[in-house]
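Residue numbers (this note's numbering), protein chains in the order written: chain B, 50 to 206; chain D, 72 to 587. Report on the following structure.
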Amino acid sequence: MSSETLDKEGVTRRDFLGLAAFGAAIFSALSVIAGTLRIFKPNVHYEESKKFKIGKPENFPEGTVRKIDERNLFIFSDSDGIYAITAVCQHLGCIVYTTEWGFQCPCHGSKYDKEGNVIGGPAPRGLPWFEITQNVDGTLVVNAGKEVPKGTKYIFA
Amino acid sequence: MGDMSGLSKFKENLLNLKNSFLASFLRSGRLTSDKSKASVMFNNFFLHIQGVKTHINTLRPTYTFGLGLITFFLFVIVVLSGVLLMIYYHPSVEEAYNKIKDIIYVVFGGRLLRNIHKWSGEGMIVFMILHMARVFYTGSYKKGREFNWVIGVVLMILVFGLNLSGYMLPWDQLAYWALLIVANIIQSPKEITDSLGITQYFDIGGFFKELFLGGTVAGQESLTRVYLLHVWLLPLFLFIFLAVHFWRIRKDGGLTKPDEFERVEGDLSYVSPPEKKGGLFPTYKTYGLMELAHGRTPAVDKDVENTVLSWPNLLLAELAVFMLTLAGVLVYAYYVDAPLKELANPLIPENPAKAPWYFLGLQELLSYSAFMGGVGLPGLALLGLALIPYLDREQEYVGIWFSNRQGRIVALQAFVVGTIVNIGILVFVVNLGWFRDWWPNVPQMLITLVNPGNIWVAFMIAWSAMVMKRTGSTRMGAIALFTMFLVSYVIFTAMGTYFRGPNWEFFWSKSQWPIH
């Protein structure tokens, strides 16, 4: 036996090979499971683009409050410019509606002020503002995948 | 001679067909003797999971109330009705809603079938919880039954999962918004990662939300996944765990019974004792060689004089419970229609958007904090339930409702104090609000950690610790904790069901809801 001993802790060659084989078996099993679970994560989302056109700047004169239903988005326009705020509640994804003081969520009672900051209810964060850019043809494009700091208002020609 | 005898043999076999077929079917001959009644139990694939003999305590209607059995029979009904519904249902976002309409208004017996499926499924929740309460209060998670209690907790998760995935399938307003809200509950660890500022590197909530939805929005991919869960994956797991649950009952020594069981007069009204009288061996000798076995398997030599043959005593009782269950489901399903709301509309959530009743307690907790109400507290509750048998290892008073006089007092105190404190917390929240109503800029982390739901759970734990300290018994602490858990499940559920209206605001009655 002593001739098989590799070091002072006494791991024999047989023990080492056994442990290595066991480790390899566990590792392969975990790899197979991870690979199987990977199937659940789609490589492509066949969904509508997060970027979409909303029309020319002159469609949004000062004082505009417009909800784009199919995009769950509010477009506002005031003296400082145009800005886009999501209508998706940041608590559990219901659709908020505008009130005198801001936004109200019907599902669990979250409340936001006119800038989208949380003022009541369970929502963990404020309503995100989205980036607005202008195409060369003059139409405005909202990117609902790109958040901008609250208070970012855009002026377009 | 050859021809004639062949024909006469054939004729004889034909006349004997009934007996020979029955004998081959039962594998035990005619059921006239105790021996044949015993062998029919252990020679039958479906019956052998039960003992040849059953203890009278198991058969006492007021010991189990047949609650676990009712849950099982409801499961059988739900599987059969579910398979029939699959004939017409199609999991596509364009067709699902119309298929449900078809099932209700066009398919022969479809409305009744759908009602049976819906109410048996919800009935499983009710009777499963009652069964859990029976097992808990009779101390039946002790003496080798610890692991079977854990399997029971797994079964509970599966039953809730099956009900949840089931009501997502019709693709009505309830289904769509439930799907979306569940997806966002799965995403809610974001509440923590956001507070820590690490979401961009480690968005575990978003990752699992994508796996669940099959994308970033609730659509066809999500419905396909939920459908697979509902008709295949969850039922498969339920079958497996149910089989182990039943097998363990037997292996762990059958149903619990008091150590000093005494037969009372009334017991003989629902059992017929064994026929065998006198003879070489005493009447209670039925196992023969098996009595040499050690351990709990089978329930060897324990109080055998108070056992009776399972055939017919146990089987008749089970048949009676099955008939009552089926009758109850049929009558309920005939008179009460399963709900179906308008077609799913991703633009307009209902106001209020309420889950089915059994989740409204959780929805109330969700309205305090998405992470705590949807993940943290339910997870803690399930973990706590699963650990009960390992944290309370006292082996006395098994098989006795509420253990002893002290147990009854502890349960009553927990019931009264729990009701008062729980309602007190709700009154406080409704009238005075919470942190954000007082200090609008309070950090989210503080609300996640300190909210009415967490405070209630902390109170339950503190009360239970106090009971343990005072009585010197972990069983008493468990009784206090479990009682408060049941109390709060009922109170939070009632709150969400009856007293929450549009915008999740408090209303005394639905008639006060604003018209909009």
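Think of the CB as a built atom: it goes at the ideal place given N, C-alpha and C, for glycine as much as any other residue.
When the distance is taken between beta carbons, is residue j closer than 8 Å to residue i?
i	j	result
N186/D	D330/D	no
T142/D	H202/D	yes
Y405/D	L138/D	no
V114/B	F125/B	yes
S34/D	N493/D	Past the boundaries of the shown model lies residue 34/D; chain D is included only from 72 to 587, so the question cannot be answered.
N416/D	Q583/D	no
I320/D	N219/D	yes
S343/D	N384/D	yes
I127/D	D338/D	yes
E262/D	T519/D	yes
L497/D	Y341/D	no
S381/D	T135/D	no
N574/D	N475/D	no
E164/B	F179/B	no
F570/D	L436/D	no
A457/D	V221/D	yes
F113/D	L229/D	no
L433/D	P449/D	yes
T201/B	Y132/B	yes
V297/D	S259/D	no
A551/D	W534/D	yes
T282/B	P177/B	The structure shown does not extend to residue 282/B, since chain B is modelled only from 50 through 206, so no value can be given for it.
W510/D	N522/D	no
L151/D	I174/D	no
V469/D	G210/D	yes
What in chain D is Cβ-close to residue i, meaning under 7 Å?
i	result
F89/B	L282
G169/B	R507, D508
P177/B	By Cβ distance, chain D contributes nothing, its closest Cβ being about 12 Å from P177/B, past 7 Å.
By a C-beta neighbour count over all protein chains shown, 10 Å radius and 16 as the cutoff for buried, is residue i buried or exposed?
i	result
N234/D	buried
A549/D	buried
D64/B	exposed
I88/B	exposed
H161/D	exposed
S76/D	exposed
V191/B	buried
Y95/B	exposed
G59/B	exposed
I144/B	buried
S128/B	exposed
T85/B	exposed
M566/D	buried
W150/B	exposed
M537/D	exposed
L79/B	exposed
L66/B	exposed
F152/B	buried
I168/B	buried
H301/D	buried
V481/D	buried
Using the beta-carbon of each residue, which ones in chain B are nearer than 8 Å to residue i?
i	result
P420/D	C143, I144, P155, C156
N46/D	Outside the shown range of chain D (72 to 587) lies residue 46/D, about which nothing can therefore be said.
A424/D	C143, P155, C156
I252/D	L141, G142, C143, C156
Y560/D	Going along chain B, no residue has its Cβ under 8 Å from Y560/D, so there is no contact; the nearest lies around 19 Å.
Can you pull the chain B neighbours of residue i, defined as C-beta to C-beta under 7 Å?
i	result
N574/D	Q153, P155, G158
P511/D	I168
T287/D	H94, E96
E262/D	P173
A441/D	H140, L141, P171, P173
Residue i versus chain D: which residues are under 8 Å apart at the beta carbon?
i	result
R174/B	D265, Q515
D118/B	L418
Under 9 Å between beta-carbons, which chain B residues line up against residue i? List them in chain order, please.
i	result
L453/D	Residues of chain B passing the Cβ test: none, with the nearest at roughly 21 Å.
- Query: Can you find at least 3 beta carbon pairs, one from the segment 489-496 of chain D and one from the segment 453-466 of chain D, that sit closer than 8 Å?
  - Reply: Touching, no.
- Flag this pair as touching only if the segment 145-163 of chain D and the segment 321-337 of chain D have three or more C-beta atom pairs under 8 Å; answer yes or no. Using a C-beta cut-off of 8 Å, the segment 145-163 of chain D makes no contact with the segment 321-337 of chain D, since fewer than three inter-stretch Cβ pairs fall below that distance.
- Secondary structure, beta strand (DSSP E): runs of 3+ residues fully inside the segment 88-174 of chain B: Unbroken beta strand (DSSP E) stretches of 3 residues or longer found wholly inside the segment 88-174 of chain B: 100-104, 114-117, 122-127, 130-135, 151-153, 160-162, 167-169, given in chain order.
- Item | Start-end ranges of the alpha helix (DSSP H) lying completely within the segment 213-267 of chain D, minimum 4 residues | Correct list: 217-237, 244-258, 261-267.
- Query: Does the segment 430-445 of chain D touch the segment 162-180 of chain B, meaning 3 or more C-beta pairs lie closer than 8 Å?
  - Reply: Per the Cβ contact rule, the segment 162-180 of chain B is in contact with the segment 430-445 of chain D (3 or more Cβ pairs under 8 Å).
- Task: Count the C-beta pairs between the segment 215-229 of chain D and the segment 302-320 of chain D that are closer than 8 Å, then say yes if the count reaches three, no if not.
- Result: Between the segment 215-229 of chain D and the segment 302-320 of chain D, the count of Cβ pairs shorter than 8 Å is three or higher; the stretches touch.
- Meets three-Cβ-pair contact criterion under 8 Å: the segment 300-312 of chain D and the segment 268-277 of chain D: In the pairwise beta carbon analysis, the segment 300-312 of chain D is classified as not touching the segment 268-277 of chain D: fewer than three pairs are separated by under 8 Å.
- Task: Return the chain-ordered ranges of every alpha helix (DSSP H) run that is complete within the segment 100-178 of chain D and spans a minimum of 4 residues.
- Result: Within the segment 100-178 of chain D, the runs of alpha helix (DSSP H) at least 4 residues long that lie entirely inside it are, in chain order, 105-113, 127-130, 132-135, 138-157, 167-176.
- Query: Does the segment 276-288 of chain D come close enough to the segment 246-257 of chain D to have 3 or more Cβ pairs within less than 8 Å?
  - Reply: By the C-beta criterion, the segment 276-288 of chain D is judged to be in contact with the segment 246-257 of chain D, since at least 3 inter-stretch pairs fall below 8 Å.
- Item | Whole alpha helix (DSSP H) elements within the segment 442-519 of chain D, 4-residue minimum | Within the segment 442-519 of chain D, the runs of alpha helix (DSSP H) at least 4 residues long that lie entirely inside it are, in chain order, 448-462, 476-503, 506-509.
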